[in-house]
Amino acid sequence: MTRSFAVVTDSTADLPDEWRDRYDIEVVPLKVIFGKETFRDRVDMTDEEFFRRLAASNTLPTTSAPSPGEFAEVYRRLAKDHDGCISIHIGAKLSATAEAARIGAAAVEGFNVNVIDSQTVSMPIAFLCRIAAESETLQQAIAAVEQRVPKCRVLALLDSLRYLEMGGRLSRAGAMIGTMLDLKPLLLVAEEAQIKPVDRVRTRSRAIPRMIEFFRSEQPVEYVAVMHAQAKDDAERIAADLRHELPDHAIPLGQIGCVLGTHAGPRALGIVYIKK
Amino acid sequence: MVAAVKATGVDGPLFKRALLGSLNWLASNHEEVNRLNVFPVPDGDTGTNMLLTLQSAVEDVKQSNAAEVSKIAKLASHGSLMGARGNSGVILSQIFRGFARAVEGKSSLTPAELAAAFEEAANAAYRAVNKPTEGTILTVAREAGRAAATAASGPDANVPRVIAAAAAGARAAVLKTPSQLQILRDAGVVDAGGFGLQLILEGMLKSVEETEPSLAALVDTNRSISPASQVSMTLPEGGWGYCTEFLIEGANLDLDVIRGEIEAMGNSVLVVGEPELVKVHVHTDDPTSVINLAGRYGKLMKLNVGDMSTQHRRILETEGGGTGTGPPRPNGVGIAAVAAGRGLVDIFRGLGVDAIIEGGQTMNPSTQDMLTAIESVPYDEVILLPNNGNVIAAAKQVIGLTKKKVHVVDTRSVPQGVSAVVAFRPERPASENLSAMKAEAERVQTIEVTHAVRDTRSNGLRVKKGDVIGLINDRLEFAGDDYAEVVNKALGKLGPASYELVTVYRGEQASDDELAKLESEIRSSYPSLEVEVQQGGQQHYPFILSVE
């Protein structure tokens, strides 16, 4: 498949390896920092290894966006055999990645880089990348992606609040998720990367049906995937349920990477989708 | 006519004396009533609850010099309603209410009218209870009324005889309660609430028979047993101000007008009473203006101004500060919950509860305590969680006492309360929240571990004072001498296969070792259960467990 423009994303897109290879998508890694050690997300450390360390560590790792220089390097390389680029990234409200991409792009003269703030996280970005990669022209790719940005949703069921809290990504009071009890919050990342509490449940086995029930109320959807952080069995069961209800959808399974995993915590589950 | 009736009738001063006498007699004997609690658990004791309710009934009566029995009865009815604690206290308040209705408009009662009022009081209490049970205070109230009516129809009927007959009828009915209720028979006791009512009637009789009741002594008696329950709450921004309370004595006082004026000057406003005597309670930043305003209506009495910011600072310091409330709720619904123990208070606040009424297991909060908390919630619709079976009735009384729309979810334990709050969603209307909260509360199982406060037999178990006892959903199921052993048995009885999570609320008395032992035993006996430990800080119950 020959395409005149390049498609770039970052590691928070949770892009399956198979899609990356098939659609020739460039992935710029964010970083995970355990104490003095820095790892490139999904490059220097596998997801399994990451979650093993996360569970064993008393302090949470920190995460950081790629530098503008790293983006510039990628764009410079791509400029050699492409006449333009669409670069789709994690919501600017959640990470400095898109901003770094913009600054990096400005440093590369003569190459048309279109940085898209996806306003979301995880596999909706992977879907956007695939839609871009399947477009015939860069203009069509940009239009197709921009039209879907406000329709991306991540419905996430966290197993514990500890990680999100320590990462400072959510106001607990606003979400009414308490300061003492270990509740299982069901959260929705909606348009403009707004994190909204959907429900709070005490046990996992009752939270999963709630998640599916909420997803049902969001129909119709154009794309849907099920995400997990070291909870493949649960994710497979959810995907099987959804396939039964939505026979026309493929419903792939995706793994939550290290950077998102730092905030979502182990055993997190997600139904991610783009609304019609 | 007036003079003739007065000689043998019950007028205001006589009824006031009778009430003071009953308070005195109950105060001296309420521990006897407490000892009759069927359950060997350190619960809100019936005797204490009735005494505090009666104390509240008599509080305003003491200040009144009304000549008419109807006015005294109405004050007692108001006071008992506001001070009602526990189920027995609530029923007592309904008895006063029925009595007050029966004597409405009367300045003095003939013996026959007094007997009829006793009977109507019992009827009112029956009507107030959903499923009246025989062998309780209700039966005793009815039998007292019947005996009074028989005495009143006799040829030489007079007031002391009618009261004496009522007291004797009550005593006979109390003695019969074990034959009417299996749980009393098993425990070998008579009904505590019924016995409390007997004491009240006996106290009335004593005061009517005595020629010179020593009122000064009465005041001292009840000073020593003032309620310890404390309301901690979240007030809107703008300061805590002063809790200002007083009575206005005057003529043709218009409650609505006064309430309107006071409401403009503060919050948690309560204006109750009669055209001659009005009780005012308000939280204000400017007590002087309130007092000046009220002074225009009449003579102020029992003025009491308390600096709430001092109290508030203390609460904030001990509770670690901050409230759990977030941005304004789209549904406009607030939550108030009864909780005792620092950890439990924090847990409820963290889940979004706007006002905490301190109390529960041992000190049941009064209707007034809950009303004050509800008035402090910055929403016009409030869901109230009693979190104790013995608080539900008093909680329901609040519904008619405020302009706010109050809903009570019948939570009978801390775990039920927590589950109910967890189910609350700020964007959902109250009706949907109520059904979701009720369903969640019913889903959770509660295990409570405490020490027996007396020897007893209950639910087929023989229990010695001091034994560790385990209750499942308020029912005594196991006794032993070790917390972990009792909890293990209780979990076994629930069937761990159907549950996933055990939350352990650790009480004040439980040591680190006891907690560690409990945790490790649950984990080794039931490896499939997830165990979460929370510092509840509750008294008397070393462990409360929620199983779901």
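Protein chains in written order, with the numbering used here: chain A, -13 to 262; chain B, 1096 to 1643.
Every residue, glycine too, gets a C-beta built ideally from N, C-alpha and C.
Nothing here was measured: the structure is a model prediction, and the numbers come from that model.
Residue i at chain B interface by Cβ criterion, 9 Å
i, result
"residue 143 of chain A", "no"
Host alpha helix (DSSP H) of residue i (start-end)
i, result
"residue 1354 of chain B", "1350 to 1358"
"residue 1295 of chain B", "1287 to 1304"
"residue 190 of chain A", "190 to 202"
"residue 1173 of chain B", "1164 to 1178"
"residue 1551 of chain B", "Residue 1551 of chain B -> not in any alpha helix (DSSP H); beta strand (DSSP E) instead, spanning 1551 to 1553."
"residue 180 of chain A", "Counting along the chain, residue 180 of chain A falls outside any alpha helix (DSSP H), and DSSP gives it neither H nor E."
"residue 1083 of chain B", "Only positions 1096 to 1643 of chain B appear in the structure, and residue 1083 of chain B is not among them; the question remains open."
"residue 1513 of chain B", "1509 to 1517"
"residue 1601 of chain B", "Taken as a continuous stretch (DSSP letters only), residue 1601 of chain B belongs to no alpha helix (DSSP H), being part of the beta strand (DSSP E) at 1596 to 1601."
With 16 other Cβ atoms within 10 Å as the buried cut-off, status of residue i
i, result
"residue 1183 of chain B", "buried"
"residue 19 of chain A", "exposed"
"residue 1633 of chain B", "buried"
"residue 230 of chain A", "exposed"
"residue 1570 of chain B", "exposed"
"residue 1293 of chain B", "buried"
"residue 1630 of chain B", "buried"
"residue 211 of chain A", "buried"
"residue 1219 of chain B", "buried"
"residue 1143 of chain B", "buried"
"residue 1382 of chain B", "buried"
"residue 241 of chain A", "buried"
"residue 17 of chain A", "buried"
"residue 66 of chain A", "exposed"
"residue 1501 of chain B", "buried"
"residue 1322 of chain B", "At residue 1322 of chain B, the pLDDT of 28 sits below 50, so the modelled position is not reliable; the number obtained from the coordinates is stated separately. By the 10 Å Cβ count, residue 1322 of chain B comes out buried."
"residue 47 of chain A", "buried"
"residue 1302 of chain B", "buried"
"residue 233 of chain A", "exposed"
Within chain A, partners of residue i - CB distance below 9 Å
i, result
"residue 1514 of chain B", "188"
"residue 1520 of chain B", "162, 183, 184, 185, 186"
Chain A residues whose Cβ lies nearer than 7 Å to that of residue i
i, result
"residue 1523 of chain B", "Correct list: empty, because the minimum Cβ distance to chain A is about 10 Å."
"residue 1599 of chain B", "Here the premise fails: no neighbours, minimum Cβ distance about 12 Å."
"residue 1643 of chain B", "188, 189"
Residue closest to residue i, alpha-carbon to alpha-carbon, out of the options
i, options, result
"residue 1488 of chain B", "B/1144, B/1140, B/1181", "B/1181"
"residue 1199 of chain B", "B/1106, B/1636, B/1121", "B/1106"
"residue 1385 of chain B", "B/1517, B/1356, B/1371", "B/1356"
"residue 1161 of chain B", "B/1109, B/1339, B/1491", "B/1109"
"residue 116 of chain A", "A/81, A/-11, A/247, A/254", "A/-11"
"residue 1447 of chain B", "B/1430, B/1215, B/1275, B/1459", "B/1430"
"residue 1526 of chain B", "B/1604, B/1286, B/1574, B/1504", "B/1504"
"residue 249 of chain A", "A/185, A/41, A/-7", "A/41"
"residue 1554 of chain B", "B/1256, B/1225, B/1283, B/1247", "B/1283"
"residue 1605 of chain B", "B/1516, B/1544, B/1239, B/1617", "B/1544"
"residue 1426 of chain B", "B/1443, B/1354, B/1478", "B/1478"
"residue 1649 of chain B", "B/1177, B/1178, B/1154, B/1179", "Since the first residue of chain B shown is 1096 and the last is 1643, residue 1649 of chain B is not available in this structure."
"residue -8 of chain A", "A/208, A/97, A/79", "A/97"
Within chain B, the residues that residue i reaches when beta carbons sit closer than 8 Å
i, result
"residue 191 of chain A", "1595"
Enclosing beta strand (DSSP E) for residue i [first to last residue]
i, result
"residue 143 of chain A", "138 to 143"
"residue 1500 of chain B", "1500 to 1503"
"residue 1251 of chain B", "Where residue 1251 of chain B is concerned, there is no enclosing beta strand (DSSP E), given that its DSSP letter is neither H nor E."
"residue 209 of chain A", "207 to 214"
"residue 113 of chain A", "Looking at the DSSP string, residue 113 of chain A is not in any beta strand (DSSP E); the run it does join, the alpha helix (DSSP H), is 109 to 119."
"residue 1572 of chain B", "1570 to 1575"
"residue 1626 of chain B", "1625 to 1630"
Proximity test, Cβ basis, 9 Å: residue i and chain A
i, result
"residue 1476 of chain B", "no"
"residue 1517 of chain B", "yes"
"residue 1527 of chain B", "no"
"residue 1215 of chain B", "no"
"residue 1603 of chain B", "no"
"residue 1625 of chain B", "yes"
"residue 1110 of chain B", "no"
Chain E within 9 Å of residue i, Cβ atoms only
i, result
"residue 1528 of chain B", "In the structure shown, chain E cannot be found, because the protein chains are A and B."
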